[in-house]
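Okay, so here's the structure we're looking at.
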Amino acid sequence: TGNPKKITDKQEPARVARSVASMKLKYVVLTSVNRDDLDDGGAAHFSETIKQVKRFSKNITVEALVPDFNGSEKSVDTILDSGVDVFAQNLETVKRLTPEVRDNRAGYFQSLKVLSYVKKSSPKTITKTSLMLGLGESEEEIKKTLGDIKSSGVDVLTLGQYLRPTLNHLPVKKWVEPSKFKEYKNFAKDIGIKEVSSGPLV
427 TGNPKKITDK QEPARVARSV ASMKLKYVVL TSVNRDDLDD GGAAHFSETI
477 KQVKRFSKNI TVEALVPDFN GSEKSVDTIL DSGVDVFAQN LETVKRLTPE
527 VRDNRAGYFQ SLKVLSYVKK SSPKTITKTS LMLGLGESEE EIKKTLGDIK
577 SSGVDVLTLG QYLRPTLNHL PVKKWVEPSK FKEYKNFAKD IGIKEVSSGP
627 LV
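If you want it as structure tokens, here you go:
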């Protein structure tokens, strides 16, 4: 996040693609800082990078962990048109804690709307989101959020323990027991989320 004056490195997509190919990766996750200085939020640059990776590595699976693009369907379409295999947009936390945990430009329902749009527009694209636990959310809030995630058509969910990166970040409110992670995984699977990874170190 910042204002690099709309500058992007035009050579980066090819460099990334060559690096991925040199490591002979079968699965790669592409992500970036938010580029709110760009009109499309960086979607075109993401798209070109995905295309280049797939050109250099024929049998690779590409996951794009992207911002919500301020809800822009046009930017989301740009990502989908690249042939991305997995579209990831992290919800991060429950609705009540979203204003405290996430950037003030992000929104709980906006993230869900983006994920829902992806699944409706491109049913074969795998949709993915993640939640951090231990920020003060209740069990009821977690289960409500899992229901919202399912209703948005998300295919893959990861649940992990929030770890405080620095003293300037929010403190850990609770260390969630491994048994609770297992319980939430079972709940998510029971309501129909296809793939769930859940544990303190996920």
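The opening position of the sequence shown corresponds to residue 427 in the working numbering, with each subsequent residue numbered one higher. Note that beta-carbon positions come from the ideal geometry of N, C-alpha and C, so glycine has one too.
State the CB to CB distance for the pair residue i and residue j, rounded to an integer number of angstroms; the pair is presumed to be in contact (CB under 8 Å).
i    : j    : result
L585 : S624 : 4 Å
T487 : V512 : 7 Å
G573 : T553 : That belief does not hold up - the Cβ atoms of G573 and T553 are roughly 16 Å apart, past 8 Å.
N496 : R528 : So it is not a contact: roughly 13 Å between Cβ atoms.
E563 : L523 : 6 Å
G629 : K545 : Nothing about residue 629 can be read from this structure; the chain reaches only from 427 to 628.
T504 : D465 : So it is not a contact: roughly 11 Å between Cβ atoms.
V540 : V502 : 6 Å
E489 : A469 : With 8 Å as the limit, E489 and A469 do not qualify as a contact, their Cβ atoms being about 16 Å apart.
Under 6 Å Cβ to Cβ from residue i, same chain only, skipping five residues before and after it: list those, please.
i    : result
D462 : none
T427 : Because the pLDDT at T427 is just 44, under 50, the model does not fix this residue reliably, and the value given afterwards should be weighed accordingly. V459, N460.
A614 : L572, L583, V622
A447 : F482, S483
E474 : P439
T434 : H471
Q437 : none
S548 : L506
S498 : none
K608 : none
Anyone know if the C-beta pair for residue i and residue j falls short of 8 Å?
i    : j    : result
G560 : K600 : yes
S537 : L517 : yes
L506 : T551 : yes
K576 : I617 : yes
So, for residue i: in the same chain, excluding its five sequence neighbours on each side, which residues have a beta-carbon less than 8 Å away from its beta-carbon?
i    : result
K620 : D581, V582
N634 : Only positions 427 to 628 of the chain appear in this structure, which leaves residue 634 out of reach.
I568 : V520, L557, L559, Y610
Q478 : P439, A440, V442, A443
R590 : L596, P597, V598
P604 : G625, P626
Would you kindly report the start and end of the unbroken beta strand (DSSP E) that includes residue i?
i    : result
G586 : 582-587
T553 : 552-559
K454 : According to the sequence shown, residue 454 is Val rather than Lys. 453-457 is the extent of the beta strand (DSSP E) around V454.
The alpha helix (DSSP H) that contains residue i, what's its start and end?
i    : result
T475 : 469-482
S547 : 534-547
E489 : Note, E489: premise wrong, no alpha helix (DSSP H); beta strand (DSSP E) at 487-491.
E526 : 524-527
Going along the chain, which residues of its own chain have a beta-carbon closer than 7 Å to the beta-carbon of residue i, five neighbours each way excluded?
i    : result
V628 : T584, L585, G586
Mind checking whether the beta-carbon of residue i lies closer than 7 Å to any heavy atom of the ligand FMN?
i    : result
I476 : Ligands are entirely absent from the displayed structure, and the ligand FMN is therefore not among its contents.
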